[in-house]
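Trainee: Just so you know, we're using the numbering used here here: the sequence shown kicks off at 1 and counts up by one. The C-beta atom is built at its ideal place from N, Cα and C for all residues, glycine as well.
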Amino acid sequence: MAADLGLAGMWWTCAVLQTVLLGYGLAGEYFHGPLLAATEGVEVVGVLTTNPERQERAKRNFPDAVIHTDLATALDSGADLAVVAGANITHVPQAQTALAAGMHVVVDKPLAPTADSVRELAAQAVAADRHIIAFQNRRWDSDFLTVQRVRDSGAIGDIHRFESRFGKWVPTPKRLWRDSTAPENMGGNLYDLGAHVVDQALVLFGPITSVTAHARPVRATDIADDDVVIVAQHANGIVSYLVGTTAAAYTLPRFLALGTRGSARIDLTDTQEAYLCNGGSANDPAFGLEEHGVHLRTKGSDYIEFTEPLERGEWRMFYTKVRDAARGDAPSPVPIEDTILAATVIDAARESAATGRSVAISATPTSSS
Numbered sequence: 001m002a003a004d005l006g007l008a009g010m011w012w013t014c015a016v017l018q019t020v021l022l023g024y025g026l027a028g029e030y031f032h033g034p035l036l037a038a039t040e041g042v043e044v045v046g047v048l049t050t051n052p053e054r055q056e057r058a059k060r061n062f063p064d065a066v067i068h069t070d071l072a073t074a075l076d077s078g079a080d081l082a083v084v085a086g087a088n089i090t091h092v093p094q095a096q097t098a099l100a101a102g103m104h105v106v107v108d109k110p111l112a113p114t115a116d117s118v119r120e121l122a123a124q125a126v127a128a129d130r131h132i133i134a135f136q137n138r139r140w141d142s143d144f145l146t147v148q149r150v151r152d153s154g155a156i157g158d159i160h161r162f163e164s165r166f167g168k169w170v171p172t173p174k175r176l177w178r179d180s181t182a183p184e185n186m187g188g189n190l191y192d193l194g195a196h197v198v199d200q201a202l203v204l205f206g207p208i209t210s211v212t213a214h215a216r217p218v219r220a221t222d223i224a225d226d227d228v229v230i231v232a233q234h235a236n237g238i239v240s241y242l243v244g245t246t247a248a249a250y251t252l253p254r255f256l257a258l259g260t261r262g263s264a265r266i267d268l269t270d271t272q273e274a275y276l277c278n279g280g281s282a283n284d285p286a287f288g289l290e291e292h293g294v295h296l297r298t299k300g301s302d303y304i305e306f307t308e309p310l311e312r313g314e315w316r317m318f319y320t321k322v323r324d325a326a327r328g329d330a331p332s333p334v335p336i337e338d339t340i341l342a343a344t345v346i347d348a349a350r351e352s353a354a355t356g357r358s359v360a361i362s363a364t365p366t367s368s369s
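1) What residue from T39, Q136, D129 has the CA that sits closest to A85's CA?
2) Whose C-alpha, out of V147, A235, S117, P113, is nearest the C-alpha of E184?
3) With DSSP collapsed to three states, give me the class of K109.
4) Which residues does DSSP list as the beta-bridge partners of K59?
5) Considering A387, what are the terminal residues of the alpha helix (DSSP H) in which it resides?
6) What is the residue span of the alpha helix (DSSP H) that R323 lies within?
7) Can L17 and R316 be called in contact, C-beta distance under 9 Å?
8) Is M1 buried or exposed, if buried means 16 or more other CB atoms sit within 10 Å of its CB?
9) Quick check on the DSSP output: the alpha helix (DSSP H) that includes P34 runs from which residue to which?
10) Taking the C-alpha atoms as reference points, what is the distance between L99 and D143?
11) Could you please give the first and the last residue of the uninterrupted beta strand (DSSP E) stretch that includes A257?
12) How many Å lie between N283 and A38 at the Cα?
13) Between A74 and G46, how many whole angstroms is the CB-CB distance? I'm expecting something under 8 Å.
14) Would you list the residues sitting across from A213 in a DSSP beta bridge?
15) Quick one, are the C-beta atoms of S210 and I361 less than 9 Å apart?
16) Smallest Cα separation from A115: which of P217, T355, S358, E351?
17) Which residue marks the beginning of the alpha helix (DSSP H) containing H196, and which one marks its end?
18) Going along the chain, which residues of its own chain have a beta-carbon closer than 7 Å to the beta-carbon of L7, five neighbours each way excluded?
19) Can you have a look at L310 and say buried or exposed, based on whether 16 or more other CB atoms are within 10 angstroms of its CB?
20) Please name the residue, chosen from P207, Q200, A215, that lies closest to G187 on a Cα-to-Cα basis.
21) Considering just the uninterrupted stretch of the alpha helix (DSSP H) at V334, what are its terminal residues?
22) Take L289 as the anchor and find which of G300, T320, K299, D270 has the nearest alpha-carbon.
23) From P217 to K59, what distance separates their C-alpha atoms?
24) Would the C-beta of A249 count as close to the ligand ZN, meaning under 8 Å from any of its heavy atoms?
25) For D158, I'd like the list of residues in its chain whose CB is within less than 7 Å of its CB, leaving aside the five on either flank, ordered along the chain.
26) Starting from the C-beta of L71, find all residues in its chain whose C-beta is less than 8 Å away, skip the five residues before and the five after it, and write them out in chain order.
27) Exposed or buried, what is S240 when buried is set at 16 or more other beta-carbons lying within 10 Å of its beta-carbon?
28) I'd like to know if the stretch 147 to 167 and the stretch 329 to 344 are in contact, where contact means that at least 3 CB-CB pairs between them fall below 8 Å.
29) Grouping DSSP H, G and I as helix and E and B as strand, with all else coil, what is G279?
30) What does DSSP give as the partner residues of K168 in its beta bridges?
31) Measure the Cβ-Cβ separation of A342 and A195 and say whether it is below 9 Å.
32) From F62, A348, V20, pick the residue whose C-alpha is nearest to that of V107; which is it?
33) According to DSSP, is R119 helix, strand or coil?
34) Run through DSSP, which three-state label would S263 get?
35) Since L75 is in the beta strand (DSSP E), which residue starts that stretch and which ends it?
36) Apart from the five residues just before and just after A3, which ones in its own chain have a Cβ nearer than 7 Å to its Cβ?
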């Protein structure tokens, strides 16, 4: 379903990817902005925000960029790429408008509320001969890259069960749009943390054929789901336990993989998000490096326990690959087919949580499986 980028062939290989950043809140200022700034061959030429304080920070961080307060003006800047980084309610309409303006589009997760709405955006992108790409930066987490290494090495044999958890402790809901129950706001952890754990499970182990899910609010009764558990059956027989919660006072093991010859466990979460939120640069030598490791227990004549270092986190690779895709030099780093499949799993998880029943899914391969 990816577009045949004939127009991209008009680019010179060394062309700078002029980019407009739509939104300068948490995602725009601390994730997309620093990663774009760290990517060779990418230039932020415009930032859209109506908040005066954010305008000042955007101008300080991107002194050569034009600060826009109007979407139409921002998209009329002649930029090649639009990065949709505002509140979830803006994702679909701004992506539609940017595609209509002839731009490639990156959209922060969740890209859209349902698999059908992702398909509609995909069709528009194909018709426009442009890429639309979900911001799945956590494909380049240090811990996730390490799990891929363990899987490929065969060190623990054939993996039969996989557990992935994002656990945070936010005891008092902020009651902003992320906690909203209004469907258009796409609030709650099934959309938020769920988008990452589902995508990672699909990349690791391929299509999911059924899900049983629990998604509920536990910190208050009038907010969106803040505690989510998905039990996913993969077509190859592997079972994934996927958790996203903001009601966990104890740190949960980030990953656990059980294999026929041993197990692997990673306790702590990748630190690239924290590094950027604390003002670090994605070009710093320490960015993506982790002090903790992966703990392995393997079976020989007796059990052997040891720890190996984690792979280096590489969030910077996301926009490097977006740049190359826009130039026509490489495929999309997150093919839209993958995003459709992940949205299908989340649709099924929402249905399962509402009905209390397991929901079957038609198995369609991901580009990574």
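Mentor: Walking through what the data contain:
1) Within the sequence shown, the letter at position 85 stands for residue 85. A85 has its Cα closest to that of Q136, out of T39, Q136, D129.
2) As a working note, residue 184 is residue 184 in the sequence shown. Cα-wise, what sits closest to E184 is P113.
3) Locating residue 109 in the sequence shown gives position 109, where the first residue counts as 1. Coil, per DSSP.
4) For this step, residue 59 is matched to residue 59 along the sequence shown. Per DSSP, none; premise fails for K59.
5) Residue 387 lies beyond the stretch modelled for the chain, which goes from 1 to 369, so this question has no answer here.
6) Position 323 of the sequence shown holds residue 323. First-last of the alpha helix (DSSP H) with R323: 316 to 327.
7) In the sequence shown, counting from the first residue as 1, residue 17 sits at position 17. In the sequence shown, counting from the first residue as 1, residue 316 sits at position 316. For L17 and R316, no; Cβs fall outside 9 Å.
8) In the sequence shown, the residue the question calls residue 1 occupies position 1. With a pLDDT of only 41 at M1, under the threshold of 50, the placement of this residue in the model should not be trusted, and no figure is reported.
9) The residue you call residue 34 lines up with position 34 of the sequence shown. Unbroken alpha helix (DSSP H) run through P34: 33 to 37.
10) Residue mapping note: residue 99 aligns to position 99 of the sequence shown, counting from 1. Residue mapping note: residue 143 aligns to position 143 of the sequence shown, counting from 1. The straight-line gap from Cα to Cα measures roughly 34 Å.
11) Here the question's residue 257 lines up with position 257 in the sequence shown. Its beta strand (DSSP E) spans residues 255 to 259.
12) Your numbering for residue 283 matches position 283 in the sequence shown. Your numbering for residue 38 matches position 38 in the sequence shown. Their backbone Cα atoms lie some 6 Å apart in a straight line.
13) Along the sequence shown, one-based indexing puts residue 74 at 74. Along the sequence shown, one-based indexing puts residue 46 at 46. Between G46 and A74 the Cβ distance is about 5 Å, and since that is below 8 Å, they are a contact.
14) As a working note, residue 213 is residue 213 in the sequence shown. Answer is I230.
15) Working through the sequence shown from its first residue, we reach residue 210 at position 210. Working through the sequence shown from its first residue, we reach residue 361 at position 361. It is a contact, given that the beta carbons lie within the stated cut-off.
16) Here residue 115 is taken as the residue at index 115 of the sequence shown, counted from 1. Of the listed residues, the one whose Cα sits closest to A115 is E351.
17) Taking the first residue of the sequence shown as 1, we reach residue 196 at position 196. 193 to 205 is the span of the alpha helix (DSSP H), which, as asked, contains H196.
18) Walking along the sequence shown from the start, residue 7 turns up at place 7. Caution is warranted here: a pLDDT of 45 is assigned to L7, below 50, making its placement in the model unreliable, and the coordinate value is therefore given only provisionally. Contacts found: D129.
19) As a working mapping, residue 310 is identified with position 310 in the sequence shown. Answer is buried; the Cβ neighbour count reaches 16.
20) Stepping through the sequence shown from its first residue, residue 187 is reached at position 187. Among P207, Q200, A215, the Cα nearest to that of G187 is on A215.
21) Indexing the sequence shown from 1 puts residue 334 at position 334. No alpha helix (DSSP H) holds V334; DSSP gives it neither H nor E.
22) Sequence index remark: in the sequence shown, residue 289 carries index 289 (1-based). Comparing Cα-Cα distances from L289 to each of G300, T320, K299, D270, the minimum goes to D270.
23) One-based indexing of the sequence shown puts residue 217 at position 217. One-based indexing of the sequence shown puts residue 59 at position 59. Approximately 39 Å, taken between the alpha carbons.
24) Absence of the ligand ZN from the depicted structure is noted, as is the absence of any ligand whatsoever, leaving it without description.
25) As a position in the sequence shown, residue 158 is number 158, starting the count at 1. Result list for D158: G259, T260, in chain order.
26) Position 71 of the sequence shown, counted from the start, is the residue given in the question as residue 71. Within the same chain, L71 has close Cβ partners L22, L48, Q94, T97.
27) As a first step, residue 240 is located in the sequence shown; it is residue number 240 there, counting from the start. Classification for S240: buried.
28) no
29) Residue numbering aside, residue 279 sits at position 279 when the sequence shown is read from its first letter. Coil, per DSSP.
30) For this step, residue 168 is matched to residue 168 along the sequence shown. K168 is not bridged to any residue.
31) Position 342 of the sequence shown holds residue 342. Position 195 of the sequence shown holds residue 195. Yes; because the gap between Cβ atoms is below 9 Å, this pair is in contact.
32) What you label residue 107 is simply residue 107 of the sequence shown in a count that begins at 1. Nearest of F62, A348, V20 to V107, Cα basis: V20.
33) Counting from one through the sequence shown, the residue named residue 119 turns up at place 119. If DSSP states are grouped into helix, strand and coil, R119 belongs with the helices.
34) Stepping through the sequence shown from its first residue, residue 263 is reached at position 263. Strand, per DSSP.
35) Along the sequence shown, read from residue 1 onward, the residue named residue 75 stands at position 75. No beta strand (DSSP E) holds L75; the alpha helix (DSSP H) holding it covers 71 to 75.
36) In the sequence shown, counting from the first residue as 1, residue 3 sits at position 3. Note that A3 has pLDDT 44, beneath the 50 cutoff, so the model's placement of it is unreliable and the number below is only indicative. Cβ neighbours of A3 beyond the five flanking positions: A125, V126, D129, R130, H131.
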